[in-house]
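Numbering-wise, the sequence shown is residues 1 to 114 according to UniProt numbering. Accompanying notes for the structure given below.
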Amino acid sequence: MPHGSAIRGTRVGSGPIRPTERCDPAPRRPVTYWCAKGHSIEVLLAAEVAPPATWDCPRCGQPGGLDQLNPPGPSRAEPYKSHLAYVKERRSEADGEALLAEALAALRRRRGES
């Protein structure tokens, strides 16, 4: 009695047996990036898109650039910011005071205070 798949040599999720008959691959071109430590990264991109200015190096994690003689410097780590720091970037003190007054007025209305 046979076991397993009804069709021999296939499994769920496997690709087509002859991918060349299914479709043609999209045209691609290799783009090479270099990081500050001298690593080269070759990435295949679609032929019609412009390559990004930087690409992270998979070996050291530093950004790589398109110019081999002038690679970008090491990335600067962003310091941790609290939620309050992000709010202060978006709002001024006057905006904060107005929002607080509005929220307190709404709270007093709900409580029935004048």
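Cβ coordinates follow ideal geometry from the N, Cα and C atoms, glycine included.
Taking the alpha helix (DSSP H) that residue 44 belongs to, which residues open and close that run?
Where residue 44 is concerned, there is no enclosing alpha helix (DSSP H), although the beta strand (DSSP E) it sits in stretches over 40-46.
Under 8 Å between the Cβ atoms of residue 54 and residue 64?
yes
Since residue 72 and residue 36 should fall inside the 8 Å C-beta cutoff, what is the C-beta to C-beta distance between them, to a whole number of angstroms?
7 Å
Simplified DSSP state of residue 86, which is helix, strand or coil
helix
Counted within 10 angstroms of its Cβ, other Cβ atoms place residue 86 as buried (16 or more) or exposed
exposed
Under 8 Å by Cβ, that's how I've got residue 115 and residue 44 pegged, so tell me the actual separation to the nearest angstrom.
An answer regarding residue 115 cannot be provided, because it is not within the stretch 1 to 114 covered by the chain.
According to DSSP, is residue 95 helix, strand or coil?
helix
Proximal residues to residue 76 (C-beta, below 8 Å), its chain only, five neighbours per side dropped
none
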